[in-house]
Every structure is written in C-alpha cells, then in structure tokens.
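Reading the sequence shown from the start, the letters are residues 421 to 589 in the working numbering. Glycine is no exception: its CB is placed at the ideal position from the N, C-alpha and C atoms. Working notes, beginning with the structure itself.
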Amino acid sequence: ICPLWKTDAMKPINRRSQMRHSAGMLVLLAAAAVHFAHPAHGAPAFPDPCKLITVAEMQQIVGPLKEAPKGTDPKSGEISCGYEPSKGPRFVDIALHDGELSAWKKRNGGKSPVALPEFGSDAFVNPDFNDYADLYAKKGAVILRVTMPKGPQSIEAVKAIARKALARL
421 ICPLWKTDAM KPINRRSQMR HSAGMLVLLA AAAVHFAHPA HGAPAFPDPC KLITVAEMQQ
481 IVGPLKEAPK GTDPKSGEIS CGYEPSKGPR FVDIALHDGE LSAWKKRNGG KSPVALPEFG
541 SDAFVNPDFN DYADLYAKKG AVILRVTMPK GPQSIEAVKA IARKALARL
C-alpha cells in the first residue's frame with residue numbers, strides 16, 4: 421500500500437493532539453474576544469473639550485465668535501471642539517488624544533518643533549504645520565492639541581488657550 425501523503429506535514433493529525441490544539445485555539449479566541457469587546461484599561465477618560473475654556477476666555481484671546489463652539493461626537497473617534505472667530509483666525513480647534521507626545525512630535529512636529537517646557541517636559545509647538553500653529557501638551561494620560569491658522573499672533577494665542585485648557589484637564 422502506497423501512502424497518499426509525501427511529507428510528515430501532510431500526515432493526518434493524531435486525534436488527541438488535534439483536540440488539544442482545538443481547545444487551545446478556543447481559549448485564545450475567547451481571550452481575544454474579551455480583550456477587544458472591552459475598552460482598554462489604560463485609555464484615559466476624556467472630558468468635554470468645549471468645557472476646557474469658556475466662550476468669554478476664548479473671546480479674550482481671539483475676539484468675538486460667530487457662534488457657540490461645536491464639539492464632535494466622541495463615537496466618531498475624534499474628541500475635539502471647534503471655535504469660529506468673527507475676525508482674525510478662521511478657526512481654533514481644541515482636540516484631546518491619548519498616547520505619547522514623542523509619537524505626536526515625530527509625526528507632527530515638523531522640521532523645527534519648538535519646545536515648550538512651561539507646558540511640560542515634552543510639550544512642543546509646530547509654528548508651521550500645513551500653515552497652522554499646532555501646540556501639543558500632556559496632562560496625566562491626556563494629550564491636548566490646540567490648532568489655529570498661522571499668523572502673527574498664533575503662537576501666543578495657542579499658548580494662552582492651552583494654559584486655560586490644561587488648568588481644567
């Protein structure tokens with residue numbers, strides 16, 4: 421009788437070995453399902469970014485607003501609040517993220533990120549990120565990002581907004 425398989429890999433698996441393998445796979449699949457069904461334990465709880473700075477405070481920094489600030493739906497995966505000044509910069513965005521500032525700096529820091537030690541050891545501002553001033557600072561597990569169009573006062577404005585917002589994080 422000539423066997424139909426040519427290598428050991430093609431031989432039928434021992435039933436006892438196959439059952440142990442199947443049981444092990446079930447345990448791994450169950451563990452993965454539990455892990456992905458529940459949010460990560462280390463994920464920070466994000467506050468409402470529209471409450472990190474009052475409308476009056478924002479108006480002191482950028483002038484009158486066209487309308488009330490607009491927050492995004494957290495279910496979208498983005499946690500941010502947008503402000504639209506009547507004059508001056510077209511917009512101001514306050515966004516909250518998790519992760520490490522070093523990763524954000526590597527990705528969005530540009531060629532010459534400016535360190536902001538007054539906001540923490542890894543805080544920085546990119547004064548020209550696609551024509552925007554983009555400030556990043558971290559408090560606890562939450563990264564604050566303040567963005568507005570580049571302009572003569574944009575760096576000072578994002579710093580003033582960040583000071584107010586970080587105090588409430």
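For residue j and residue i, believed in contact at Cβ under 8 angstroms, the rounded distance
i: Tyr503; j: Leu516; result: Not really, about 15 angstroms apart at Cβ, beyond 8 angstroms.
i: Ile581; j: Val512; result: 7 angstroms
i: Phe539; j: Ala557; result: 4 angstroms
i: Phe544; j: Leu536; result: 6 angstroms
i: Lys579; j: Ile473; result: Contact flag wrong, Cβ pair sits at about 13 angstroms.
i: Ser390; j: Ala553; result: Any question about residue 390 goes unanswered here, given that the chain covers just 421 to 589.
i: Asp542; j: Lys525; result: 7 angstroms
Other residues of its chain near residue i: CB distance less than 6 angstroms, five sequence neighbours each side excluded
i: Lys490; result: Gly502
i: His461; result: For His461, the pLDDT reaches just 48, beneath the cut-off of 50, and the residue's location in the model is therefore unreliable, leaving the point undetermined.
Residue i versus the options, residue with shortest Cα-Cα distance
i: Asp528; options: Pro547, Ile575, Val512; result: Note that residue 528 corresponds to Asn in the displayed sequence, not to Asp. Of the listed residues, the one whose Cα sits closest to Asn528 is Pro547.
i: Ala587; options: Gly571, Lys559, Met568, Thr567; result: Lys559
i: Gly571; options: Asp551, Gln480, Pro494; result: Asp551
i: Ile514; options: Ser500, Ala488, Pro505; result: Ser500
i: Arg510; options: Ser496, Pro569, Glu520; result: Pro569
i: Gly530; options: Gly497, Leu555, Leu589; result: Leu555
i: Asp518; options: Pro469, Ser496, Ala561; result: Ala561
i: Leu521; options: Leu589, Met478, Arg565; result: Arg565
i: Val475; options: Ala488, Leu589, Asp468; result: Ala488
Per DSSP, cross-strand counterpart(s) of residue i
i: Val562; result: Lys559
i: Ile514; result: Cys501, Val566
i: Asn546; result: Asp554
i: Leu485; result: Pro505
i: Ala535; result: Phe544
i: Gly491; result: Cys501
Residue i CB to nearest heavy atom of the ligand NAP below 6 angstroms
i: Lys471; result: As presented, the structure is devoid of all ligands, the ligand NAP included, so that no description of it is given.
8 angstroms CB neighbourhood of residue i in its chain, flanking five on each side removed
i: Gly483; result: Pro505, Ser506, Lys507, Gly508
i: Pro494; result: Phe466
i: Asp468; result: Gly491, Cys501
Close-in-space but distant-in-sequence residues of the same chain around residue i (CB under 7 angstroms, 5 per side omitted)
i: Ala577; result: Ile481, Val482, Met568
i: Thr492; result: Glu498, Ile499, Ser500
i: Val534; result: Phe544, Val545, Pro547
i: Cys470; result: Pro489, Gly491, Cys501
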